[in-house]
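Before any comments, here is the structure.
Protein chains: 2
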Amino acid sequence: MSNYRNDETDRFTDAFKALSNSHRLQIFNILSNCCEPGTECTTEQAFSCCVGDLGPRLDIAASTLSHHLKELNQAGLINMKREGKQVFCSINRSMLKEIRILFNSYERNIQTKNSLK
Amino acid sequence: MSNYRNDETDRFTDAFKALSNSHRLQIFNILSNCCEPGTECTTEQAFSCCVGDLGPRLDIAASTLSHHLKELNQAGLINMKREGKQVFCSINRSMLKEIRILFNSYERNIQTKNSLK
DNA sequence: TCTATAGTTCTAATTATGTCGAACTATAGA
DNA sequence: TCTATAGTTCGACATAATTAGAACTATAGA
Chain H
0 MSNYRNDETD RFTDAFKALS NSHRLQIFNI LSNCCEPGTE CTTEQAFSCC
50 VGDLGPRLDI AASTLSHHLK ELNQAGLINM KREGKQVFCS INRSMLKEIR
100 ILFNSYERNI QTKNSLK
Chain E
0 MSNYRNDETD RFTDAFKALS NSHRLQIFNI LSNCCEPGTE CTTEQAFSCC
50 VGDLGPRLDI AASTLSHHLK ELNQAGLINM KREGKQVFCS INRSMLKEIR
100 ILFNSYERNI QTKNSLK
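From first to last, the protein sequence lines stand for chains H and E. Per numbering that gives the first Met the number 0, the very first residue in the first sequence carries number 0; after that it's consecutive. Per numbering that gives the first Met the number 0, the very first residue in the second sequence carries number 0; after that it's consecutive.
As structure tokens, then:
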């Protein structure tokens, strides 16, 4: 019997847990598209977003925001880098890639089964 | 200011919440690849898997399994269809597609920002 | 060194989740 | 109709997650 649970699986459950909270998914959305649509922004703004910029957009306490960012970071979904007084956040593209590969493989498995029909 | 939270977001947080538990992700894995690798299986087995087949592979109580399947079903991730005494489960491909599109759009957003560099 | 700004950690309260066993419903067949 | 099989719902409990406010750390600039 195959074992369908392993460390790989746990990595993904951690990532999905991080994205299973609407505040955190909002953060992920914002970070994927950091400069407001239709507005001009500097290259720097286009690439990352500091913690303080996120607060007003979510309407949660700073401590709560900090907690959520830590969860996203620990799940490998975002990067955090201090620059002076500010901490800039950005999406971790390698984790994003892994997740895309996972869902692509689900789709591929199902297509394979269909081809047996 | 854009609103990054809406019903669409909530649909996805529900889906990620469903996949954030290792038992449920295992179920999803199994359903995406229902016949044991290396074994021969009928077309019927290849396409769906009944609740009773899942139990022994997860080592959880039947009531717990039933609870998890309900969560996956309510999140739109799986289909459940009664056939006689058994209930067969299968992955909901349209939801899978939506999730793939979501992650592809994250990747595309980030690529767009990179092209501004 | 003092102060203001930017974020984090700690504590505590509320709410949600995962789990099982017992009782239940649904179906098929004797 | 009785019985066995397949699965679900309910009740209870333990554990985990979300949240805010207070206290904290880190940095930059006067």
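Even glycine gets a Cβ: it sits at the ideal position worked out from N, Cα and C.
{"Query": "Start-to-end residues for the alpha helix (DSSP H) that takes in Ser93 of chain H", "Result": "92-114"}
{"Query": "Sequence-distant residues of the same chain with beta carbon closer than 6 Å to Asn103 of chain H, five excluded per side", "Result": "none"}
{"Query": "Minimum C-alpha distance to Ser21 of chain H - residue among H:Glu97, H:Arg56, H:Gln73, H:Lys84", "Result": "H:Arg56"}
{"Query": "DSSP three-state assignment for Lys84 of chain E, whether helix, strand or coil", "Result": "coil"}
{"Query": "Interface flag, Phe87 of chain H vs chain E, CB-CB below 8 Å", "Result": "no"}
{"Query": "Chain-ordered chain E contacts of Arg99 of chain H [CB-CB under 8 Å]", "Result": "Arg99, Phe102, Asn103, Glu106"}
{"Query": "Own chain residues within Cβ distance below 6 Å of Lys80 of chain E, not counting five before or after", "Result": "Phe87"}
{"Query": "For Ser26 of chain E, the three-state DSSP class (helix, strand or coil)", "Result": "Sequence inspection shows Ile at residue 26 of chain E; the Ser mentioned does not correspond to that position. The answer is helix: DSSP assigns Ile26 of chain E an H, G or I state."}
{"Query": "Residues from the segment 4-26 of chain H in contact with chain E, defined by Cβ distance under 9 Å", "Result": "Arg4, Thr8, Asp9, Phe11, Thr12, Asp13, Ala14, Phe15, Lys16, Ala17, Leu18, Ser19, Asn20, Ser21, His22, Arg23, Leu24, Gln25, Ile26"}
{"Query": "Cβ of Arg81 of chain H within 8 Å of any chain E Cβ", "Result": "no"}
{"Query": "Beta-carbon spacing of Ile109 of chain E, Ser31 of chain H below 8 Å", "Result": "yes"}
{"Query": "Neighbour list for Leu132 of chain E in chain H, Cβ cutoff strictly below 7 Å", "Result": "Here chain E comprises residues numbered 0 to 116, so residue 132 of chain E is not present and cannot be evaluated."}
{"Query": "Beta carbon proximity, Ile109 of chain E to chain H, threshold 8 Å", "Result": "yes"}
{"Query": "Residue range of the alpha helix (DSSP H) that includes Asn72 of chain E", "Result": "61-73"}
{"Query": "At least 3 beta-carbon pairs within less than 8 Å: the segment 94-101 of chain E vs the segment 4-19 of chain E", "Result": "yes"}
{"Query": "7 Å Cβ cut-off: residues of chain E touching Asn32 of chain H", "Result": "Asn108"}
{"Query": "C-beta contact flag for Phe27 of chain H and Leu64 of chain H at 8 Å", "Result": "no"}
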